[in-house]
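Participant: Residue numbers (the numbering used here): 211 to 703. Every residue, glycine too, gets a C-beta built ideally from N, C-alpha and C. Treat the numbers as computed from the prediction; the structure is a model and nothing was measured. Sharing a structure here in structure tokens format.
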Ligand code: TXE
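Now the structure itself:
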């Protein structure tokens, strides 16, 4: 079930694909077999200038439309994505290495949800009115202009839509650069906007690595940067953006705690731990990779966790029965393997996994792909590298705890602050603990459920700003206040 594997990925600027002549290029690989999916052409300076010119032109048309008019385009783009769900899901599966079942269930649907949510609320974006003494005032939430979105490789079209939907709903234009490892589906979003009636240039797509990302960050006519990526990249972008005092939102990495109290429903808690570590091969920023289990249920929890982990169907991502696919690249797989070796040498016990399977769950040869068996370490302690660093792969660390006070302190002992989960049937304890955890995106008795209606984002080193929900509006508008005099100007001069 593969589409054309000799794709050519050009820039999509002003509603058309640019030529590929006199541009650097690289090969886009399918993580499941490391075969070529085609050639990606890197944007050059002229492309960036053309993209900014085109986006500025589109912005001047778009900003004078009403919220209702903008909303109609976003809603139509959402229905176009939904109508092309399977085709785009296959592209995403090939690009990322994730199981087709995930791409069909999450990626494109979450992108369409974002377009529908912000399309539906575009007409409601408004300011305030205030009566004053012989005067009145009002505020105007105004668009910023041309915004840049820079994406990571684990949820390409979802990340692009989570940035584009609020940006366009607020009246902005966007230039989007997907990760150099996953160029395929941001173009599909651009095509959907065009088909939905957006002005050419409203959502341009350029390709490249950090150098092209840097060209967007440094461009004087780009008003705002929204990054989804690593902490290291977030720091670089924030310091570069300081030159022009640009607005920046950062969705970065994490090493989030998932706390299981002794009164939790064990089956649900194990389900959450599996999802929080092995869904999308563990390549999810908000994953609960430090699983804290209260001592009295430690053995029963571990037994069920091990049994169910070893039943996960790892293999060919294009097979609808597959539950876990390939990691994004050989280089990333090697990085995860180094973390596994570090875990073993630091004294943690490898409970299961930790190896590269050569056959998948149906006996197919998968040696040519980037596969790592779902891995669990026990006998961990908080100081181990595998418990402090983001691994961004299928590696779960189990930590044992006794008291509520102890686990809160340990859970917060990290420079990250993206997400947190608590499992308990004691309603007071659930809220009491979650309120003390230093994380931006939290769950009680579930994990990694991210409806568009709720803000998503982190604190501390996990980023700044929020995506989704009404909270996103403030990051794509600037507020103007207007004072209107109804009397005369009183002056001492
Ligand atoms: O990140 P990278 P990756 C995080 C996840 C992990 C990382 C993995 O936690 O840490 O992302 O994704 C561009 N100036 N999240 O490896 O390398 C680069 O080309 C401008 C968090 O892709 O940081 C790519 O497009 N741009 C997230 C993008 O930045 C630069 C969910 C990210 O690349 C640049 C998913 C530079 N100097 C992953 N250097 C969340 N919190 O939601 C690189 N780029």
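1. Taking residue 408 as the reference, give the member of 303, 279, 673 with the closest Cα.
2. For the beta strand (DSSP E) containing residue 548, name the first residue and the last one.
3. To the nearest angstrom, how far is the alpha carbon of residue 485 from that of residue 657?
4. Does residue 597 come out as helix, strand or coil in the three-state DSSP assignment?
5. According to the Cβ coordinates, are residue 165 and residue 437 closer than 8 Å?
6. Does residue 531 pass the burial test, meaning 16 or more other C-beta atoms within 10 Å, or should it be called exposed?
7. Given a cut-off of 8 Å on the beta-carbon distance, is the pair residue 261 and residue 526 in contact?
8. Would you check if the distance between the CB atom of residue 379 and the CB atom of residue 335 is smaller than 8 Å?
9. Return the Cβ separation of residue 627 and residue 678 in integer angstroms, given the expectation that the two are a contact with Cβ distance under 8 Å.
10. Just to confirm my understanding: we take residue 185, look at its own chain, exclude 5 residues before and 5 after, and list those with CB closer than 7 Å. What are they?
11. Return the first residue and the last residue of the alpha helix (DSSP H) that residue 519 is part of.
12. Taking 8 Å as the CB-CB limit, is residue 544 close to chain B?
13. So for residue 304, helix, strand or coil by DSSP?
14. Using only alpha-carbon positions, find the residue among 263, 302, 472, 306 that is nearest to residue 538.
15. Across the stretch 329 to 343 and the stretch 275 to 291, are there enough close Cβ pairs to call them in contact, namely three or more that are closer than 8 Å?
16. Under DSSP, the beta strand (DSSP E) around residue 494 begins and ends at which residues?
17. Take the Cβ of residue 691 as the centre, count every other Cβ of all protein chains shown within 10 Å, and call the residue buried at 16 or more, exposed below.
18. Whole-angstrom Cβ separation of residue 465 and residue 381, contact assumed at under 8 Å?
19. Count the other CB atoms, across all protein chains shown, that sit within 10 Å of the CB of residue 705; report buried if there are 16 or more and exposed otherwise.
20. Jot down the residue ranges of each uninterrupted beta strand (DSSP E) in the stretch 276 to 363, minimum 3 residues, whole runs only, in chain order.
21. Cβ of residue 495 within 7 Å of any heavy atom in the ligand COA?
22. Pull up the CB-CB distance for residue 308 and residue 650, whole angstroms please, since I reckon it's below 8 Å.
23. When you compare the CB positions of residue 459 and residue 675, do they come within less than 8 Å of one another, or not?
24. Taking the alpha-carbon of residue 667 as reference, which of 655, 654, 648 has the nearest alpha-carbon?
25. What did DSSP end up calling residue 605 once you bin it into helix, strand or coil?
26. Taking only three categories from DSSP, how would you classify residue 465?
27. Flag this pair as yes or no: are the beta carbons of residue 512 and residue 608 separated by less than 8 Å?
28. Answer yes or no: do residue 580 and residue 543 have a C-beta to C-beta separation smaller than 8 Å?
29. Is the closest heavy atom of the ligand TXE to the C-beta of residue 438 under 7 Å?
30. What separation, rounded to the nearest whole angstrom, lies between the Cα atoms of residue 585 and residue 450?
Facilitator: In short:
1. Measuring C-alpha to C-alpha distances from residue 408 to each of 303, 279, 673 identifies 279 as the nearest.
2. No beta strand (DSSP E) contains residue 548, which is instead part of the alpha helix (DSSP H) from 540 to 555.
3. CA-CA distance, residue 485 to residue 657, rounds to 8 Å.
4. Residue 597 falls in the helix class under three-state DSSP.
5. Not covered by the structure: residue 165. The range shown for the chain is 211 to 703.
6. Its Cβ having fewer than 16 others within 10 Å, residue 531 is exposed.
7. Contact: no.
8. In contact: residue 379 and residue 335 (Cβ atoms closer than 8 Å).
9. About 18 Å; that fails the 8 Å criterion.
10. Since the first residue shown for the chain is 211 and the last is 703, residue 185 is missing from the structure and cannot be characterised.
11. 508 to 519 is the span of the alpha helix (DSSP H), which, as asked, contains residue 519.
12. Here chain B cannot be found, since the structure has a single protein chain.
13. Correct three-state label for residue 304: helix.
14. Selection 263, 302, 472, 306 evaluated against residue 538 yields 306 as nearest (Cα-Cα).
15. Cβ pair count under 8 Å is three or more, so yes.
16. That residue, residue 494, is in no beta strand (DSSP E); it is neither H nor E in DSSP.
17. Flag for residue 691 reads exposed.
18. Under the criterion of beta carbons closer than 8 Å, residue 465 and residue 381 do not qualify as touching, at roughly 37 Å.
19. Only positions 211 to 703 of the chain appear in this structure, which leaves residue 705 out of reach.
20. List check, beta strand (DSSP E) in window: 339 to 342, 345 to 353, 356 to 360.
21. Although the ligand COA was asked about, the structure shown includes only the ligand TXE as ligands.
22. About 24 Å separates the two Cβ atoms, so there is no contact after all.
23. Their beta carbons are under 8 Å apart, which means residue 459 touches residue 675 by this criterion.
24. That would be 648, whose Cα lies nearest to the Cα of residue 667.
25. Note: residue 605 maps to strand in three-state DSSP.
26. It is coil, neither helix nor strand.
27. Cβ distance < 8 Å, so residue 512 and residue 608 count as in contact.
28. At a Cβ-Cβ threshold of 8 Å, residue 580 and residue 543 count as neighbours.
29. Remark: the shortest separation between the CB of residue 438 and any heavy atom of the ligand TXE falls under 7 Å.
30. Annotation: residue 585 to residue 450 spans about 38 Å, alpha carbon to alpha carbon.
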